[in-house]
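Quick notes on the structure that follows.
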Amino acid sequence: VRRRRVHGGGGAGGGDGAVRAAGGAGALVHGVRLPAHPLSASGATYIFGLYSKVLKSALGYDQQTLNTFAFFKDLGANVGVLSGLINEVTPPWVVLAIGAAMNLVGYLMIYLAIDGRTARPPVWLMCVYICVGANSQSFTNTGALVTCVKNFPESRGAVLGLLKGFVGLSGAIFTQLYIAIYGDDAKSLVLLVAWLPAAVCIVFVHTVRIMPHRPVRRRGEEETAATTSDPFYCFLYISMALATYLLVMIVVQNQLELSHPEYRIKRELEESLLVPPTVTVEKPAAQLQMAAKTETKTEDATSAPTAASPSSSSCFGSSCLKEMFSPPAQGEDYTILQALVSVDMLVLFLATICGVGGTLTAIDNMGQIGQSLGYPPKSIKTFISLISIWNYAGRVTAGFASEAVLARYKFPRPLMLTLVLLLACVGHLLIAFGVPQSLYAASVVIGFCFGAQWPLLFAIISELFGLKYYSTLYNFGSVASPIGAYALNVRVAGYLYDVEAARQHGGTLDGAGDKTCVGVQCFKLAFLIITAATVAGALVSLLLVWRTRKFYRSDIYAKFRDAADGEPRKEAESSAVNGSKE
């Protein structure tokens, strides 16, 4: 199905519409296969700790070098502007294919270096390898997730929550598959990361596509497979069952030692949970693909070429600057430059730096936090493993709940983002003051809030700035994560931890050997600063709530219904014209 674009502000998502169950079914099948087999490199970015030790020992790196690799991993995973720009001018399958190639090349070169099949690469080259491999995640997310949002513009909150929820689970699923297949061989894990996501992505590359958009169902109309949103809830229930299963198995395996055959049985159960949703949407997808092809042919035969919109034409000098600083109304299609220099984007970006940066700092340091507060190693391992479950819960809850309250009560998404940031402060304060046995609750709150911020961020970007250039703007929003992590994790938490550790050991930061800090003071000041930064982010987000209050009180999805309702009228007029000519 050819990618179509209709120029003009306020068009149906910048011109990219969808058959509600056909195109989306393909994309959602892709989304379900993603954690099942694991499709993208997103799982690899979450399980860096599983193979970082063998990376360090096999190549003789020190801890500082390993932390450098981790930084470039996060940089590659979150800076996806290139994938967004490519997706603006190519079909989704091109972006997915590029992501598969990057995943294979990046992680395969790391495996060959670890296994001694190539000469020991310099540090800068290893940084390039891991950055390229991790960057494949942004290509897969852009190709699949952005396409689904354009296919379901009136259900974008549910789509983002559901698909980002599966991404949140992918780390836990990848871990279970790795243990079941390879046991405890970390080198083989890197090889699995290299070939499996790339192979599955290529197999399902043509299931993700932009499809023509049909109107949503109205009251009194008969619901069909093309108009019902039941597949969303089918996926939600299946994902909840999978998350519950992983929750139980993580707790059990951290308390008991399972044999390799038992892990294989567990893997089969895990995969069986991923089959029903695929079957659920395959039939309506197949039925509607023929309708989509017919509609596309009709439109191509009857539509005349249109002139390029002013926003797509070349601009020079003062005219370009004038256009850049003269944005359309909220909800219309902004150009990339108009969105990047807008006050709304700046406010949203600052709030995300504070919110995501703080929660990501807590997640990255959860092991050291537990160690400094005196928790037993088994307990630390358990609540670290469960963070991915709470991450998933935050993503699906924020996605579906924000969509429901927005549709029913006109509750603005930016205000829900503010509430999530304030809730995250509770988790930060529990860590800062070291309340006895509170780290379990803190890990739940922080994991939930970290996950909840992502679907809200991406939905707000799509609603305020339109879908025409959503591929690029979506990836720009992700850049806030490494910026916040560097500022709060490296410059605040890491520095203050080293200072306290050096004080306890009577040495300096430059002393040799690992310095472990013990006690509440290790992270107290750092998380008080992080709490203050998160509160500041919440206050900044209130400015966005104020600026968008009128926009969210209106029917923000009306233009998509109007554009979709216009298609049958165009077809009828075209048929009448053709009939009169005959």
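Numbering-wise, the numbering used here puts 358 at position 365 of the sequence shown, and it's gapless, one number per residue. Where is the CB? At the ideal position from N, CA and C, for every residue including glycine.
First and last residue of the uninterrupted alpha helix (DSSP H) at residue i
| i | result |
| --- | --- |
| Glu81 | 74 to 82 |
| Cys141 | 140 to 144 |
| Glu396 | 380 to 402 |
| Gln430 | That residue, Gln430, is in no alpha helix (DSSP H); it is neither H nor E in DSSP. |
| Tyr488 | 488 to 498 |
| Thr524 | 514 to 540 |
| Cys194 | 179 to 196 |
| Tyr327 | Run containing Tyr327: none; DSSP gives neither H nor E here. |
| Lys49 | 41 to 52 |
| Ile577 | Residue 577 lies beyond the stretch modelled for the chain, which goes from -6 to 575, so this question has no answer here. |
| Pro85 | 85 to 107 |
| Val336 | 336 to 357 |
Residue i and residue j closer than 8 Å at C-beta
| i | j | result |
| --- | --- | --- |
| Phe553 | Ile424 | no |
| Val201 | Pro85 | yes |
| Val349 | Ser474 | yes |
| Gln364 | Thr509 | yes |
| Ile380 | Met359 | yes |
| Phe132 | Leu89 | yes |
| Arg406 | Ala344 | no |
| Asn128 | Gly176 | no |
| Ser590 | Ile172 | Since the first residue of the chain shown is -6 and the last is 575, residue 590 is not available in this structure. |
| Leu532 | Leu450 | no |
| Ala391 | Ala445 | yes |
| Gly427 | Val511 | no |
| Cys120 | Phe62 | yes |
| Leu457 | Asp337 | yes |
| Leu535 | Thr411 | yes |
| Lys46 | Ile107 | no |
| Asn247 | Lys371 | yes |
| Val538 | Leu408 | yes |
| Gly459 | Tyr327 | yes |
Residues near residue i by beta carbon distance below 7 Å, same chain, minus five either side
| i | result |
| --- | --- |
| Phe591 | It is not possible to answer for residue 591, since the shown part of the chain is limited to -6 through 575. |
| Ser455 | Val142, Arg149, Tyr463 |
| Lys49 | Leu59 |
| Leu416 | Val438, Cys442 |
| Gly136 | Asn80, Pro85, Val88, Leu89, Gly92, Val201 |
| Ala51 | Ile107 |
| Val528 | Cys418 |
Proximity test, Cβ basis, 8 Å: residue i and chain D
| i | result |
| --- | --- |
| Cys227 | Note that chain D does not occur in the displayed structure, where there is just one protein chain. |
Same chain, Cβ closer than 8 Å to residue i, neighbours up to 5 away in sequence not counted
| i | result |
| --- | --- |
| Ser232 | Leu155, Gly158, Phe159, Leu162, Tyr385, Val389 |
| Thr524 | Gly351, Cys418, His421, Leu422, Ala425 |
| Cys124 | Phe65, Lys66, Leu68, Gly69, Gly99 |
| Ala486 | Thr354, Asn358, Phe516, Ala519, Phe520, Ile523 |
| Ala434 | Gly420, Leu423 |
| Gly109 | Ala51 |
| Val116 | Tyr54, Thr58, Thr61 |
Check: residue i C-beta below 7 Å from any heavy atom of the ligand MN
| i | result |
| --- | --- |
| Gly350 | Annotation note on the ligand MN: not contained in the displayed structure, which lists no ligands. |
Own chain, CB closer than 6 Å to residue i, minus 5 neighbours either side, in chain order
| i | result |
| --- | --- |
| Ser431 | Leu423 |
| Gly530 | Ala344, Cys347, Gly348, Leu414 |
| Val152 | Cys141, Val142, Phe145 |
| Ala355 | Ile439 |
| Val104 | Residue identity differs from the one stated: residue 104 is Tyr in this sequence, not Val. For Tyr104, where only same-chain residues beyond five positions count, the Cβ hits under 6 Å are Val183, Leu184, Ala187. |
| Leu78 | Thr465 |
| Cys515 | Ser365, Tyr490, Glu493 |
| Phe393 | Ala151, Gly154 |
| Phe404 | Val398 |
| Ile195 | Ala93 |
| Ser312 | none |
What residue ranges within the stretch 128 to 174 form continuous alpha helix (DSSP H) runs of no fewer than 4 residues, ordered along the chain? 140 to 144
Any chance you could list the alpha helix (DSSP H) runs of at least 4 consecutive residues sitting entirely within the stretch 429 to 472, in chain order? 432 to 458, 463 to 471
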